[in-house]
Structure formats: C-alpha cells, structure tokens
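Chemist: Count the sequence shown with the working numbering and you get residues 3 to 158, in order.
We put the CB at the ideal spot given by N, CA and C, even for glycine.
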Amino acid sequence: MPQPATTITGFESLDSDFMVCYPRTDCPQRARCLRASAYESIVARKCARVIITNPATEIIPSCPNFLDQKPVFYAHGITHLYSRLPYDVARGIKRELLSYFGKNSYYRIHRKERYITVQEQNYIRHCFIAAGLDPQLICYDAMIPVFQSMSPMIRK
Numbered sequence: 003m004p005q006p007a008t009t010i011t012g013f014e015s016l017d018s019d020f021m022v023c024y025p026r027t028d029c030p031q032r033a034r035c036l037r038a039s040a041y042e043s044i045v046a047r048k049c050a051r052v053i054i055t056n057p058a059t060e061i062i063p064s065c066p067n068f069l070d071q072k073p074v075f076y077a078h079g080i081t082h083l084y085s086r087l088p089y090d091v092a093r094g095i096k097r098e099l100l101s102y103f104g105k106n107s108y109y110r111i112h113r114k115e116r117y118i119t120v121q122e123q124n125y126i127r128h129c130f131i132a133a134g135l136d137p138q139l140i141c142y143d144a145m146i147p148v149f150q151s152m153s154p155m156i157r158k
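#1: Anyone know if the C-beta pair for ARG37 and ASN67 falls short of 8 angstroms?
#2: May I have the straight-line CA-CA distance separating GLU122 from GLN31, to the nearest angstrom?
#3: Taking the alpha-carbon of PRO88 as reference, which of ARG51, VAL148, ARG26 and GLY134 has the nearest alpha-carbon?
#4: Can you tell me the Cα-Cα spacing of VAL91 and PHE130, whole angstroms?
#5: Which residues share a DSSP beta bridge with ASP70?
#6: Could you say which of SER85, ILE95 and SER43 lies nearest to ASP143 if we only look at CA atoms?
#7: Select from ARG34, LEU100 and ILE54 the residue whose C-alpha is nearest the C-alpha of LYS72.
So, in structure tokens, the structure goes:
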C-alpha cells in the first residue's frame, strides 16, 4: 500500500466561507497555519464574500484562530478488512468491532459513509494484535487527508 502524503498542497476542499488570515510576515505561526496558507487560494476564487481575520489585530503566541495545516489521515472503508483472514478469526474481530462501534456506526464505516478516526484505527490495530495477527494485514480502502476534522464524514 503506498504511503499517503504528509501534507495537502491544494486548498480546494475548503469551503469558500472558510475564514482565512491575511498573510502577515510578523506572525510566528504563519508557516504552519492553515488559515494563512489558504489565503491565496480562497481569495483567487473571486467569491462575492471572503472572511478574513482583521490584519490589525495584535499578534499573540497562542492565536485563537490558528489551525494546524498538517492534515490528519482518516481511514475510509473496511470492505476488504477480513479478506486475508481465516473465517473464525475474522468473525471474532468483526464481533469485537461491532461491539466497539455499535451496529449503526460499524455499517456506516463499512458502506463508506463515515471515516475511521485515528483513535478508532488504533483500536482496530489492537484487535488484530489481540487476535495474534500482524497489524500489517489491516487493509483500509483509502487513507483520506482531512484538515482539522472539517469533514462531516468524521462525525458519528
């Protein structure tokens, strides 16, 4: 399975009403801030309305508008999760995951209606290890980079 990228270069997935920061050179968080990095992309869309933080505000180290531009990678889909496992082991792991997620969430994940969070990925990994299996056997359908839980597919 190819390794996912560690950053996202385009900001097309951001809504046009996403609040951006005017890129100030004196801001210590500028290089890591999603709001500052997305400024050019959002403004270039030529929307009728753009939400920009006030560039005259005082710069403070713990900016309340800061969003880390490093994406979080969510797993998407578990349709092939059990394909390389013996039937009895797969059935046990499925029962464990149904208990953990609940029936509705489990099948929403299975139908690719909801992403799998990092914590949930860790739990799935734990289930494989507890069953005596190599966690490398875990096969998600895709790894999706998402900025700061902005996707409705993360919510339960």
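Modeler: Reading off the structure:
#1: yes
#2: 30 angstroms
#3: GLY134
#4: VAL91 and PHE130 have their C-alpha atoms spaced approximately 9 angstroms apart.
#5: CYS35
#6: SER85
#7: ARG34
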